[in-house]
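These notes concern the structure reproduced below.
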Amino acid sequence: MKEHVVKIKSITFINYNVLRIVVERPDDYDFEPGQATEVSINQDKWKDEKRPFTFTSLPTDRVLEFTIKIYPEHNGVTEKLSKLEKGDELILREVFGAIKFKGDGIFLAGGAGVTPFISILRSLEYEDKLGNNQLIFANTTKKDIFLEEEFNNLLGNRYTNILSEEETQKYAKGYMDKDFLKSKIPHFSQFFYVCGPMEMINSVVEDLKELGADDDKIVTEEY
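Just so we're aligned, residue 1 is where the sequence shown starts under UniProt numbering, counting upward by one.
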């Protein structure tokens, strides 16, 4: 497996626990929106600690961007990433991923599971093909929502947030369950893109099928 050592060009927090990391782009290193790579930190004791992260930049950009949720309590790779600075190095590997845009539909994201959809939606906007795509973004509390302004600008009223543990006037309260999906989705003959914690993916996919979605039109990562 070929490895690419790249320098960090910028690293900033875009939310209390979400990092945007921009790195150099190796020559002839291509990806499709929604795909990812295994990343590690080019430092002793960290080089072999590989984690999958999704590209959130456009395939046409001269740099690569990752949008990464930090889990300080794990005391692991993401916590270490949050301590890095411009000029530090990451190691990138082969591109992989089954989440690709196949046609207009509904993007169903739980927490950091929204990251594959960022590049897809940005690319659709770049190509003037946003169409009637819709995003439903599930989080625990309001403070966990990130890129809200961008999603609003991209999708307007086709962007919905739902919070599981906080009640507000602005956002729906509850879980992305069958009743909620039925209330928000006009028909189930379109494509569905699902990404998030495994438990959420399994539950949502089962609900979609029971509501009439075609198995061939449900797109998830392959584990």
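Positions of the beta carbon are idealized from the N, C-alpha and C atoms, including for glycine.
Are the Cβ atoms of residue i and residue j separated by less than 8 Å?
{"i": "residue 151", "j": "residue 159", "result": "yes"}
{"i": "residue 101", "j": "residue 135", "result": "no"}
{"i": "residue 255", "j": "residue 195", "result": "The requested residue 255 does not occur in the structure, where the chain is confined to residues 1 to 223."}
{"i": "residue 18", "j": "residue 69", "result": "yes"}
{"i": "residue 8", "j": "residue 21", "result": "yes"}
{"i": "residue 124", "j": "residue 23", "result": "no"}
{"i": "residue 6", "j": "residue 84", "result": "no"}
{"i": "residue 197", "j": "residue 111", "result": "yes"}
{"i": "residue 275", "j": "residue 215", "result": "Outside the shown range of the chain (1 to 223) lies residue 275, about which nothing can therefore be said."}
{"i": "residue 190", "j": "residue 128", "result": "no"}
Taking its Cβ as the centre, do 16 or more other Cβ atoms sit within 10 Å of residue i, making it buried, or is it exposed?
{"i": "residue 14", "result": "exposed"}
{"i": "residue 227", "result": "No statement about residue 227 is possible, as the shown extent of the chain runs from 1 to 223 and does not include it."}
{"i": "residue 75", "result": "exposed"}
{"i": "residue 79", "result": "exposed"}
{"i": "residue 25", "result": "buried"}
Locate the alpha helix (DSSP H) running through residue i, then write down its first and last residues.
{"i": "residue 199", "result": "198-210"}
{"i": "residue 151", "result": "148-155"}
{"i": "residue 115", "result": "115-126"}
Using 8 Å for Cβ pairs, my map puts residue i next to residue j. What's the rounded Cβ distance?
{"i": "residue 164", "j": "residue 175", "result": "6 Å"}
{"i": "residue 57", "j": "residue 65", "result": "4 Å"}
{"i": "residue 114", "j": "residue 137", "result": "6 Å"}
Which first and last residues belong to the beta strand (DSSP E) in which residue i is found?
{"i": "residue 7", "result": "4-15"}
Continuous beta strand (DSSP E) assignments of at least 3 residues falling wholly in the stretch 27-91: 36-41, 51-54, 63-69
Contained alpha helix (DSSP H) runs [length at least 4] in the stretch 156-184, N- to C-terminal order: 178-184
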